[in-house]
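Engineer:
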Amino acid sequence: MKAEKVGEYAFLACVVIAILAGIAVGAGAVGASGPLVGLILVVLGVVVGLTTVAEKEVTPFLIAVIALLAANAGIFTAAFSGLAWLATLGAVIDAILRHIAMFVAPAAIILSVKAIYALASKK
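Numbers given in the numbering used here equal positions in the sequence shown, counted from 1, plus 66.
1. Taking just the CA atoms, how far does Tyr75 sit from Ala153?
2. For Met168 versus Leu110, is the C-beta spacing smaller than 7 Å?
3. Quick check: Val170 and Ile89, are their CB atoms within less than 7 Å of each other?
4. Given a cut-off of 7 Å, decide if Ala87 and Ile166 are closer than it, judged by their beta-carbon atoms.
5. Does the beta-carbon of Ile162 have 16 or more other beta-carbons within 10 angstroms, so that it is buried, or is it exposed?
6. Measuring only from the beta carbon, is Ala161 closer than 6 Å to any heavy atom that is part of the ligand SAH?
7. From Ala186, Ala181, Lys188, Ser187, pick the residue whose C-alpha is nearest to that of Lys122; which is it?
8. Identify, in the order they occur along the chain, each residue of the same chain with its Cβ nearer than 8 Å to the Cβ of Ala128, setting aside the five sequence neighbours on each side.
9. Could you give the distance in angstroms between the alpha-carbon of Leu155 and the alpha-carbon of Gly94?
10. Would you report the Cα separation of Val103 and Cys80, rounded to the nearest angstrom?
11. Between the Cα of Ala136 and those of Thr117, Arg164, Ala120, Thr118, spot the shortest distance and give me the residue it belongs to.
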């Protein structure tokens, strides 16, 4: 199987895991997703960072990561705290974003280092 396909499947798996874990944590079904879920998301994030994003896609990817991490500030829980069901919805959205950030951050670190190296090595 080609590396791009592995990366695509890893990305899709990360999104599904992040959404399911975020819903479970945000809705209060579980207290925390646990270290195993985090480890899986980080490992898959490394796979995505190494295999999926092409050189011309690095800058848009890193900008999207910045936007995601900015949105991942707990603002949904605070904004939706007026009504009980809205507070739960805010907690679910926050938990999903936290789990997505768990797999996007390793990919962003890898791609950032690659981009910095490419910039530093050009003369």
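Beta carbons: idealized from backbone N, C-alpha and C, even for Gly.
Structural biologist: Quick look at the numbers:
1. 33 Å
2. no
3. no
4. no
5. buried
6. With respect to small molecules bound, the structure shown includes none, and the ligand SAH cannot be examined in it.
7. Ala181
8. The sequence as given places Leu at residue 128; Ala does not occur at that position. Closer than 8 Å at Cβ, skipping near neighbours: Ala174, Leu177, Ser178, Ala181.
9. 11 Å
10. 10 Å
11. Arg164
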